[in-house]
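Here the structure is laid out as structure tokens; the discussion comes afterwards.
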Amino acid sequence: MEVWEALIGPLGFATKSLQRRGFHSYLAFLGLTLTIAATTLLLLLGQDLATRLGVDSSMRSTFGISWLIFAYLVLALGLIGIVGLLSTSYLVSSMINQRMRDIGVIKAAGALPRRLLSYITFEALLVILSSCLVGALSALLVYAFWSWPSISLYKQVGPIADAGATILIVVPMISFLLAYFVASFRVRRIVGSSSVNAISKQLANLDLKSLGKPLRIRWLGSAFNLATSNVSRDSGFNKTLLSMGVCICLSMIVLSGALVSADTSASYVVRAMPPHVLIVANANVYNQYVSLATSFSRLTRLPSINYVNESYLISLQNASAFSTIPGVETVDTRLITMTPITGYVKAHLASNQDTGENINTQIIPEAETGSTNALIVGINATSAIGDWYTSDGFLQSSDAQYTMIAGDSLVGNIVQMPFNLSQVSAFGYRYDVKSALVDPLNAGRVLYAPVKALQRNLGVNGYNILLLKTNNDPTVLSAVSQLANSFGLVVRSQDAILSSNLAFLNSTWSHIFLVPILALGLTCGILLSYLATNFSRRFNDYVVLKVLGANVWYRLGLLLWESWGVLAISMLIAIPVAWAISIFFLVPDPSVSVADLELSTLVSASALTAVSVATAAIYSRRLGFTTVKDLKP
Amino acid sequence: MASQEEGIEVRAPGLAVDFVDVSKEYLVNGNPLKALSSITLNIKEGEVAAIVGPSGAGKTTVLNIIAGLEKPSRGEARVLGLDLNGSNEHSLSAFRSANIGFIFQSYNLVSTLTAEENVELMMELAGWSDSGRNEKLTAELISMVGLTERAKHLPAQLSGGEQQRVAIARAIANDPPLILADEPTGNLDQKTGLEIVKLLARLKGEKRKTLVVTTHDDRIVEMADVIFRLENGSLGSVDRPARVRN
Numbered sequence: 313m314e315v316w317e318a319l320i321g322p323l324g325f326a327t328k329s330l331q332r333r334g335f336h337s338y339l340a341f342l343g344l345t346l347t348i349a350a351t352t353l354l355l356l357l358g359q360d361l362a363t364r365l366g367v368d369s370s371m372r373s374t375f376g377i378s379w380l381i382f383a384y385l386v387l388a389l390g391l392i393g394i395v396g397l398l399s400t401s402y403l404v405s406s407m408i409n410q411r412m413r414d415i416g417v418i419k420a421a422g423a424l425p426r427r428l429l430s431y432i433t434f435e436a437l438l439v440i441l442s443s444c445l446v447g448a449l450s451a452l453l454v455y456a457f458w459s460w461p462s463i464s465l466y467k468q469v470g471p472i473a474d475a476g477a478t479i480l481i482v483v484p485m486i487s488f489l490l491a492y493f494v495a496s497f498r499v500r501r502i503v504g505s506s507s508v509n510a511i512s513k514q515l516a517n518l519d520l521k522s523l524g525k526p527l528r529i530r531w532l533g534s535a536f537n538l539a540t541s542n543v544s545r546d547s548g549f550n551k552t553l554l555s556m557g558v559c560i561c562l563s564m565i566v567l568s569g570a571l572v573s574a575d576t577s578a579s580y581v582v583r584a585m586p587p588h589v590l591i592v593a594n595a596n597v598y599n600q601y602v603s604l605a606t607s608f609s610r611l612t613r614l615p616s617i618n619y620v621n622e623s624y625l626i627s628l629q630n631a632s633a634f635s636t637i638p639g640v641e642t643v644d645t646r647l648i649t650m651t652p653i654t655g656y657v658k659a660h661l662a663s664n665q666d667t668g669e670n671i672n673t674q675i676i677p678e679a680e681t682g683s684t685n686a687l688i689v690g691i692n693a694t695s696a697i698g699d700w701y702t703s704d705g706f707l708q709s710s711d712a713q714y715t716m717i718a719g720d721s722l723v724g725n726i727v728q729m730p731f732n733l734s735q736v737s738a739f740g741y742r743y744d745v746k747s748a749l750v751d752p753l754n755a756g757r758v759l760y761a762p763v764k765a766l767q768r769n770l771g772v773n774g775y776n777i778l779l780l781k782t783n784n785d786p787t788v789l790s791a792v793s794q795l796a797n798s799f800g801l802v803v804r805s806q807d808a809i810l811s812s813n814l815a816f817l818n819s820t821w822s823h824i825f826l827v828p829i830l831a832l833g834l835t836c837g838i839l840l841s842y843l844a845t846n847f848s849r850r851f852n853d854y855v856v857l858k859v860l861g862a863n864v865w866y867r868l869g870l871l872l873w874e875s876w877g878v879l880a881i882s883m884l885i886a887i888p889v890a891w892a893i894s895i896f897f898l899v900p901d902p903s904v905s906v907a908d909l910e911l912s913t914l915v916s917a918s919a920l921t922a923v924s925v926a927t928a929a930i931y932s933r934r935l936g937f938t939t940v941k942d943l944k945p
Numbered sequence: 009m010a011s012q013e014e015g016i017e018v019r020a021p022g023l024a025v026d027f028v029d030v031s032k033e034y035l036v037n038g039n040p041l042k043a044l045s046s047i048t049l050n051i052k053e054g055e056v057a058a059i060v061g062p063s064g065a066g067k068t069t070v071l072n073i074i075a076g077l078e079k080p081s082r083g084e085a086r087v088l089g090l091d092l093n094g095s096n097e098h099s100l101s102a103f104r105s106a107n108i109g110f111i112f113q114s115y116n117l118v119s120t121l122t123a124e125e126n127v128e129l130m131m132e133l134a135g136w137s138d139s140g141r142n143e144k145l146t147a148e149l150i151s152m153v154g155l156t157e158r159a160k161h162l163p164a165q166l167s168g169g170e171q172q173r174v175a176i177a178r179a180i181a182n183d184p185p186l187i188l189a190d191e192p193t194g195n196l197d198q199k200t201g202l203e204i205v206k207l208l209a210r211l212k213g214e215k216r217k218t219l220v221v222t223t224h225d226d227r228i229v230e231m232a233d234v235i236f237r238l239e240n241g242s243l244g245s246v247d248r249p250a251r252v253r254n
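Laid out in structure tokens, this is it:
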């Protein structure tokens, strides 16, 4: 019998309580369900996107740019997870706070704290569990019916099996555990506190320490002054400000981070292949170069040619002739060839300190890291056209002859870090690796070496491709074409290659921008639930004001100040922090466009302001229908 | 007293409240529910009117209509000379904030404001912008209701009687000619209720306010100049106090 009582007691209490609280129960359930569903769906979409982009970019792109995209996606999804969990804990905390008075009354009536704790926790558990289940199911349904086939990326990659099984289980489970922890913590605190405070709903929600004179700015009107009293005397004001600030900051990092990362990845490509550059080469070499340069953005099979065929070579004398044309600023003389390479980590001494004071030194023998075909570009360090993003700088004229800069797609496999221990063998010679760079050429499987060393290795005297930096004057193109024709060479602009590569990057980022937009939507939802909770809690005060004669503009003004005031303070703190993180910590050597940052701020501030204004307008309208009869005792 | 915000002159000599054949119907689940049925009542300026009757008789609906919070479904209602049927929501709000003081059974002070701030708020709602004068007046009113020591306390830190005294101070803060009280002693014990009755008597005697009170409290009924008895939404009788006592 006792067992039945123990089982039926909390269950009966919880179901009756939830039924009778009607709207408030639904509000808590709805808020939690939406948060869990939105977080799960976002993470599912993000993981799916990352997997598909991964499959897609493994066939092209470069390691550096893929890494930047994935690092962003991982960070964004992590931040979205944090925002979702913060929101869950806030909603659960608010839900328990609404039960504070009832807890006080039951406690004052003589209920044993342990029993009271189990009853209220069980009630919260019912809401949390059902929210987690319904939220996960809703996320799965939306995800399943998402119209992937209409998006080109998804057509290319096709279906991915079991993409989100882990997320579908882990996110609702973590949300459940967190919600349960927060609920039991809050209930314990309320049960442990004074019954008198708990019974007085007003006292429970007010911060008695900040009672003094609240902020009053006369020219902003009475509604503003009342709003500052209402908000600043709310016991949860600081917590709310912190939660909202963190959520806004994180969603802003996701949004502005996407823009900064997109700009930066595009800048890496532009820096490697600057605009207004002419390519001069034999027609066969030119076609091969185009294939190599666009392998970053196109899935094309690279034909095999003999790069050092006598007829493809341009003599130093002919190359120098281009520099005499007025308007040609730089002539970048290159010798390119495709060859098998092998990577090595040089023999070196490794020392480690054991638990005592002894230092053990050990010789690590040379190790082979693997072989592949790579494009070798012989280049003159002083006339190289390109400002690549590098880890330790580009080739210098002072560098040793057998020095190479490795393309980013070779790093981590053929070329190991630290670079001072890394060597690459090509043409039977060992080259030291100085640095790594991000380069779309041959999708990053490229090595830059001093052209003289390469000429010596290959036994040739000349170049097979020239890049000309011009002042973009059409007469220069005509003069260059004329000279090139006389040497049997073709001239084309590099801009078409650059546009193709940038279009690929834009297309990739356009898929990713779905994540920050949905993350902003999640933050708007959190703001909405915060405002709805607070307006509902203070609704009686607003009705009093209406009855006393506050007109519709006064009431709307009050609600707007209360909603937008908290939002404005949160944004004021959150946005500069988000900007700083996005600019200084998110990506290496970032390219920051002020217009993009302004755009992300404008979009976030507008969306959040729209939510706060809409909520204030809805509650103001609801107030319009109230009378003295709606006042609660 | 005219609304400063709207500049509407609404006072008319003689009658403070003038209802002619006023009816009020609500729709409950699609069915009409009659709350007031053809009520005609007059309350003169400076009078204390008690509206009595069982719960659900329509007392609060009468107060709502007098305050301009609801409009009659039928009939003519004029309060301090203002035709309520012909006024919009905005002008009714301005009218209320300048001409009507409210005292509720459940006090209904703004929970985030201290006692003195609650009183001062009413002056701000009426458009009184001289904060120095407002503060001085507030201190006088708080002193009048005997709460100087508790002026900086929140409603939740005050007893029921103290909250009702703040509510009375708030009701007269904007110096309204008409005060509406909805069962002002309903939530108070005998002794505290008596203090409130005394304060209301002072409003009648010293401040010369028109008071419309819905009540079950005989002490207030005794104080009234005219008593309206409501039954099922209809006006059962209009009595003078001597006849009630008899």
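Protein chains in written order, with the working numbering: chain A, 313 to 945; chain B, 9 to 254. A virtual CB, placed ideally from N, CA and C, is assigned to each residue, including glycine. These figures come from a predicted structure and were not determined experimentally.
| query | result |
| --- | --- |
| Positions along the segment 188 to 200 of chain B whose CB lies within less than 8 angstroms of some CB in chain A | ASP190 and ASN195 |
| Per-residue DSSP class, three states only, for PHE731 (chain A) | helix |
| VAL899 (chain A) (DSSP reduced to helix, strand or coil) | coil |
| Test: ARG545 (chain A) CB closer than 8 angstroms to a CB of chain B | yes |
| Exposure of GLU144 (chain B), with buried meaning 16 or more beta-carbon neighbours within 10 Å | Note that residue 144 (chain B) corresponds to Lys in the displayed sequence, not to Glu. By the 10 Å Cβ count, LYS144 (chain B) comes out exposed. |
| Assigned secondary structure, PRO262 (chain A) (DSSP; H/G/I helix, E/B strand, else coil) | No answer is possible for residue 262 (chain A): the residues shown for chain A start at 313 and end at 945. |
| Three-way DSSP call (helix, strand, coil) for VAL971 (chain A) in this model | Lying before the first or after the last residue shown, residue 971 (chain A) is absent from chain A, which here runs from 313 to 945. |
| Whether ALA755 (chain A) touches GLY690 (chain A) by CB criterion (8 angstroms) | no |
| Inter-stretch contact (C-beta, 8 angstroms, three-pair minimum) for the segment 735 to 745 of chain A and the segment 771 to 781 of chain A | no |
| Residue span of the beta strand (DSSP E) that contains GLN794 (chain A), given as start and end | It is not in any beta strand (DSSP E) - GLN794 (chain A) instead sits in the alpha helix (DSSP H) that spans 786 to 798. |
| THR352 (chain A) vs ALA495 (chain A) beta-carbon contact at 8 angstroms | no |
| Residue nearest to LEU387 (chain A) in terms of C-alpha spacing, selected from A:LEU870, A:TYR741, A:LEU445 and A:SER568 | A:SER568 |
| Residue of B:GLU124, B:TRP136, B:ARG210 and B:LEU117 minimising C-alpha distance to ASP853 (chain A) | B:LEU117 |
| Element boundaries [beta strand (DSSP E), containing PHE851 (chain A)] | Per DSSP, PHE851 (chain A) belongs to no beta strand (DSSP E); it is in the alpha helix (DSSP H), 851 to 860. |
| Chain-ordered residues of the segment 89 to 110 of chain B with a beta carbon less than 8 angstroms from chain A | GLU97, HIS98, SER101, ALA102, PHE103, ARG104, SER105, ALA106, ILE108 and PHE110 |
| Beta-carbon neighbours of ASP853 (chain A), restricted to chain B and to distances below 8 angstroms | VAL118, SER119 and THR120 |
| Anticipated Cβ contact below 8 angstroms, LEU637 (chain A) with ALA791 (chain A), distance rounded | Looking at the sequence itself, residue 637 (chain A) is Ile, so the reference to Leu does not match. ILE637 (chain A) to ALA791 (chain A), Cβ: 5 angstroms. Contact. |
| Interface positions of the segment 392 to 410 of chain A facing chain B (Cβ-Cβ less than 8 angstroms), listed along the chain | none |
| Contact list for ALA75 (chain B) against chain A, beta-carbon separation under 8 angstroms | VAL859 and VAL940 |
| Within-8 angstroms CB hit, PHE112 (chain B) to chain A | yes |
| Residue-chain proximity (THR218 (chain B), chain A), Cβ-Cβ < 8 angstroms | no |
| Pair within 8 angstroms by beta-carbon distance, LEU625 (chain A) and VAL772 (chain A) | yes |
| Buried versus exposed, by CB contacts within 10 Å (16 or more), GLN708 (chain A) | exposed |
| Residue-chain proximity (LEU943 (chain A), chain B), Cβ-Cβ < 8 angstroms | yes |
| Reduced DSSP category for LEU88 (chain B) - H, G, I as helix; E, B as strand; rest coil | coil |
| Span separating the alpha-carbon of THR193 (chain B) from that of MET231 (chain B) | 14 angstroms |
| Any C-beta of chain B under 8 angstroms from that of ALA926 (chain A) | no |
| VAL174 (chain B) and VAL127 (chain B) closer than 8 angstroms at C-beta | yes |
| Min CB distance ASN240 (chain B) to chain A below 8 angstroms | no |
| CB contact check: GLU33 (chain B) to chain A, cutoff 8 angstroms | no |
| 8 angstroms Cβ shell around VAL925 (chain A) - same chain, five flanking residues per side excluded | LEU872, SER875 and TRP876 |
| Beta-carbon proximity list for LEU155 (chain B), same chain, < 7 angstroms, skipping 5 on both sides | ALA123, GLU170, ARG173 and VAL174 |
| Inter-residue Cα distance where the pair is ARG413 (chain A) and LEU884 (chain A) | 35 angstroms |
| Straight-line gap, ALA6 (chain B) to ASN93 (chain B) (C-alpha atoms, nearest Å) | This structure cannot speak to residue 6 (chain B), because chain B is shown only from 9 to 254. |
| Per-residue DSSP class, three states only, for ARG251 (chain B) | A caution first: ARG251 (chain B) carries a pLDDT of 45, below 50, which makes its placement in the model unreliable, though a value can still be read off. Helix at ARG251 (chain B). |
| Alpha helix (DSSP H) segment containing ALA495 (chain A), residue limits | 477 to 504 |
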